[in-house]
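Novice: Take this structure, written in structure tokens, and hold onto it; I'll ask about it next.
2 protein chains.
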Amino acid sequence: MKNNRSSSARGTLYLVPNTLGKTPENNTIPEYVLNIIRRLDVLIVENIQTASRYLQWVGDTIPDYEIDFLLLNKKTPVHEIASFLDPLKQGRDAGLLSEAGCPVIADPGSELVKMAHAQDIHVSPLVGPSSILLALMGSGFNGQEFAFHGYLPIDRNKRRQALLKLEQKARNSAQTQIFMEAPHRNDAIVKNIIAHCRDDTRFCTATNLTLPDERIISQPVRHWKQGSIPAIHKEPTIFLLSS
Amino acid sequence: MKNNRSSSARGTLYLVPNTLGKTPENNTIPEYVLNIIRRLDVLIVENIQTASRYLQWVGDTIPDYEIDFLLLNKKTPVHEIASFLDPLKQGRDAGLLSEAGCPVIADPGSELVKMAHAQDIHVSPLVGPSSILLALMGSGFNGQEFAFHGYLPIDRNKRRQALLKLEQKARNSAQTQIFMEAPHRNDAIVKNIIAHCRDDTRFCTATNLTLPDERIISQPVRHWKQGSIPAIHKEPTIFLLSS
Numbered sequence: 001m002k003n004n005r006s007s008s009a010r011g012t013l014y015l016v017p018n019t020l021g022k023t024p025e026n027n028t029i030p031e032y033v034l035n036i037i038r039r040l041d042v043l044i045v046e047n048i049q050t051a052s053r054y055l056q057w058v059g060d061t062i063p064d065y066e067i068d069f070l071l072l073n074k075k076t077p078v079h080e081i082a083s084f085l086d087p088l089k090q091g092r093d094a095g096l097l098s099e100a101g102c103p104v105i106a107d108p109g110s111e112l113v114k115m116a117h118a119q120d121i122h123v124s125p126l127v128g129p130s131s132i133l134l135a136l137m138g139s140g141f142n143g144q145e146f147a148f149h150g151y152l153p154i155d156r157n158k159r160r161q162a163l164l165k166l167e168q169k170a171r172n173s174a175q176t177q178i179f180m181e182a183p184h185r186n187d188a189i190v191k192n193i194i195a196h197c198r199d200d201t202r203f204c205t206a207t208n209l210t211l212p213d214e215r216i217i218s219q220p221v222r223h224w225k226q227g228s229i230p231a232i233h234k235e236p237t238i239f240l241l242s243s
Numbered sequence: 001m002k003n004n005r006s007s008s009a010r011g012t013l014y015l016v017p018n019t020l021g022k023t024p025e026n027n028t029i030p031e032y033v034l035n036i037i038r039r040l041d042v043l044i045v046e047n048i049q050t051a052s053r054y055l056q057w058v059g060d061t062i063p064d065y066e067i068d069f070l071l072l073n074k075k076t077p078v079h080e081i082a083s084f085l086d087p088l089k090q091g092r093d094a095g096l097l098s099e100a101g102c103p104v105i106a107d108p109g110s111e112l113v114k115m116a117h118a119q120d121i122h123v124s125p126l127v128g129p130s131s132i133l134l135a136l137m138g139s140g141f142n143g144q145e146f147a148f149h150g151y152l153p154i155d156r157n158k159r160r161q162a163l164l165k166l167e168q169k170a171r172n173s174a175q176t177q178i179f180m181e182a183p184h185r186n187d188a189i190v191k192n193i194i195a196h197c198r199d200d201t202r203f204c205t206a207t208n209l210t211l212p213d214e215r216i217i218s219q220p221v222r223h224w225k226q227g228s229i230p231a232i233h234k235e236p237t238i239f240l241l242s243s
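Protein chains in written order, with the UniProt record's numbering: chain A, 1 to 243; chain B, 1 to 243.
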């Protein structure tokens with residue numbers, strides 16, 4: 001959005017959450033946030049096509065052809081990220097749009113936010129769904145102390161070692177351990193936990209959060225051993241371990 | 001809310017966020033969440049008076065005198081927490097209402113959620129503001145790996161030791177370190193960090209998030225040493241350290 005402030009004034013970098021998936025009604029994005037999106041004509045996104053689909057869902061936005069889309073992903077070189085701040089220096093507001101959930105959280109973008117601070121550009125994080133946070137709330141595990149570790153290693157042996165290290169940390173401290181997996185490895189990780197973790201370690205899977213088939217299973221490993229493995233193959237899931 | 005399901009059906013335990021403070025307009029709670037609050041007649045709260053004030057702000061809720069308020073705080077005995085699930089077993093939905101931000105996150109409630117899972121009661125975490133998450137987004141620090149530690153120790157020496165341990169962890173790993181302080185100790189902790197942390201450690205204060213005077217300062221300690229200490233005395237602040 002073009003600012004009416006004096007030409008020396010800088011724009012605001014809004015950190016804009018996305019939904020965690022399509023639902024019959026908007027259950028996760030405050031109307032206030034939608035109204036900010038509707039006014040932005042500089043959008044920093046991971047993928048223009050999916051960003052455009054989000055804008056369609058939001059509705060009443062500035063038309064795509066009038067929006068300056070800037071591409072930010074893991075491969076974007078640092079000097080290009082730095083140039084994304086140019087419109088903000090010129091007084092325009094910009095949005096860093098997440099593909100799903102909250103930008104920066106288990107997602108790219110922190111480099112851009114860091115540069116914005118270094119350039120004295122105002123950063124405004126907006127409220128939306130975070131699967132990590134919702135999973136922690138819904139797990140019944142300690143929310144006073146927790147750690148998020150991102151993805152486990154791909155190598156099978158290293159993955160199992162990482163898992164057992166997290167279990168040990170969960171058992172030796174009050175800190176809840178949170179991690180993710182590539183969705184096609186969900187079943188494998190559940191089997192690993194059932195096979196290798198101790199009976200009284202607590203294990204939670206939080207799947208498709210905020211979607212119609214959301215489900216949170218939170219039980220000691222002993223219970224998991226008795227039940228059947230839940231059908232979470234390829235479904236976005238957060239995993240949590242606790243003592 | 002009374003369910004129309006069969007008498008054997010159980011209610012849902014909704015985990016209901018609160019705002020982080022009063023703002024001219026609702027900028028943090030999705031309308032969907034407000035609509036759920038409006039239908040609940042069992043509310044598990046830390047303080048009835050502040051919960052009642054929140055209901056007034058939400059508007060169109062069931063009148064206070066028709067709501068069953070159940071008190072949950074650090075002192076509530078375990079058997080009493082267990083009894084809070086009785087209405088849910090009878091098919092009524094209930095809300096665990098936070099005093100500020102998201103329930104369970106740096107707040108009581110995890111014991112209740114744990115018991116709900118043990119009793120096969122459906123738990124539904126709802127979207128709202130978390131100062132911890134917003135601070136992490138806004139800091140420009142690593143959001144792929146992070147740990148939240150709650151409050152630092154009160155004892156001055158132990159606090160300093162805990163702080164230096166967090167700095168070391170931030171420097172030796174990619175994990176962003178997040179913590180809080182009793183607001184009247186905010187200035188002291190900032191002074192401690194400036195005095196004791198290394199020049200290139202990155203330090204962020206995120207104050208009054210989502211409120212009109214929200215401010216996020218994120219700079220290497222070297223910059224903090226050159227500037228003046230920000231006025232955050234007694235203002236809700238999240239602290240973050242990063243390499």
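We treat Cβ as the ideally placed atom computed from N, Cα and C, and that holds for glycine.
(1) Closest to residue 223(B) by CA distance: which of 59(B), 86(B), 126(B) and 199(B) is it?
(2) Flag residue 183(A) as yes if its beta-carbon sits less than 8 Å from any beta-carbon of chain B, otherwise no.
(3) Report the three-state DSSP secondary structure of residue 27(A) (helix, strand or coil).
(4) Between which residues of its own chain and residue 95(A) is the CB-CB distance below 6 Å, once the five residues before and five after are set aside?
(5) Give the range of the beta strand (DSSP E) segment to which residue 150(B) is assigned.
(6) Tell me which residues share the same chain as residue 214(A) and place their Cβ nearer than 6 Å to its Cβ, disregarding the 5 neighbours each side in the sequence.
(7) What does the alpha-carbon distance come out to for the pair residue 127(A) and residue 159(B)?
(8) Counting only beta-carbon atoms, is residue 157(B) nearer than 8 Å to chain A?
(9) So with Cβ pairs under 8 Å, would you call residue 5(A) a contact of chain B?
(10) Would you call residue 142(B) buried or exposed, if buried means 16 or more other Cβ atoms sit within 10 Å of its Cβ?
(11) Please report how far the alpha carbon of residue 107(B) lies from the alpha carbon of residue 65(A), in whole angstroms.
(12) Hey, could you find the ends of the beta strand (DSSP E) residue 122(A) is sitting in?
(13) Which residue comes first and which comes last in the alpha helix (DSSP H) that contains residue 50(B)?
(14) Leaving out five residues on either side along the sequence, give the residues of the same chain with a beta carbon under 6 Å from the beta carbon of residue 139(A).
(15) Determine the extent of the alpha helix (DSSP H) in which residue 187(B) is found, giving its start and end residues.
(16) How do the region 170 to 180 of chain A and the region 145 to 161 of chain A stand: do at least 3 beta-carbon pairs fall below 8 Å, yes or no?
(17) Does the separation of the CB atoms of residue 137(B) and residue 129(A) fall below 8 Å?
(18) What is the residue span of the beta strand (DSSP E) that residue 45(B) lies within?
(19) Between residue 116(B) and chain A, is any beta-carbon pair separated by less than 8 Å?
(20) Please report the residue range of the beta strand (DSSP E) in which residue 68(B) lies.
(21) Using Cβ-Cβ distances below 9 Å, what residues of the region 125 to 139 of chain A are close to chain B?
(22) What residues of chain A sit near residue 32(B), judged by a beta carbon separation below 8 Å?
(23) Pair every Cβ in the region 227 to 241 of chain B with every Cβ in the region 117 to 125 of chain B, then say whether three or more of these pairs are closer than 8 Å.
(24) Whose Cβ in chain B lies nearer than 9 Å to the Cβ of residue 103(A)?
(25) Name the chain A residues whose beta carbon is nearer than 7 Å to that of residue 150(B)?
(26) Could you check what DSSP says for residue 178(A) in three-state terms: helix, strand or coil?
(27) Can you pull the chain B residues whose beta carbon is under 7 Å from the beta carbon of residue 216(A), in chain order?
(28) Would you report the Cα separation of residue 82(B) and residue 63(B), rounded to the nearest angstrom?
(29) Measure from the alpha carbon of residue 131(B) to the alpha carbon of each residue in 18(B), 12(B) and 11(B), then state which is nearest.
Specialist: Taking the geometry as given:
(1) 199(B)
(2) no
(3) coil
(4) 14, 16, 40 and 43
(5) 146 to 151 is the extent of the beta strand (DSSP E) around residue 150(B).
(6) 208
(7) 31 Å
(8) no
(9) Legend: pLDDT at residue 5(A) = 48, less than 50; position of this residue unreliable, value from coordinates given subsequently. Not closer than 8 Å to any Cβ of chain B, the Cβ of residue 5(A) fails to qualify, so no.
(10) By the C-beta density criterion, residue 142(B) is buried, having at least 16 other C-beta atoms within 10 angstroms.
(11) 45 Å
(12) 122 to 125
(13) Membership of residue 50(B) in the alpha helix (DSSP H) is indicated by the continuous run 48 to 58.
(14) Only residues of its own chain outside the window of five on either side were considered, and among them 204, 218 and 240 have a CB closer than 6 Å to the CB of residue 139(A), listed in chain order.
(15) 186 to 196
(16) yes
(17) no
(18) 42 to 45
(19) Interface annotation, residue 116(B): in contact with chain A, CB-CB separation under 8 Å.
(20) 68 to 71
(21) 125, 126, 127, 128, 129, 130, 132, 133, 134, 135, 136, 137, 138 and 139
(22) 25, 26, 27 and 28
(23) no
(24) Within 9 Å of the CB of residue 103(A), the CB atoms of chain B belong to 137 and 143, in sequence order along the chain.
(25) Neighbours of residue 150(B) across chain A, judged by C-beta separation under 7 Å: 144 and 145.
(26) strand
(27) 123
(28) 26 Å
(29) 18(B)
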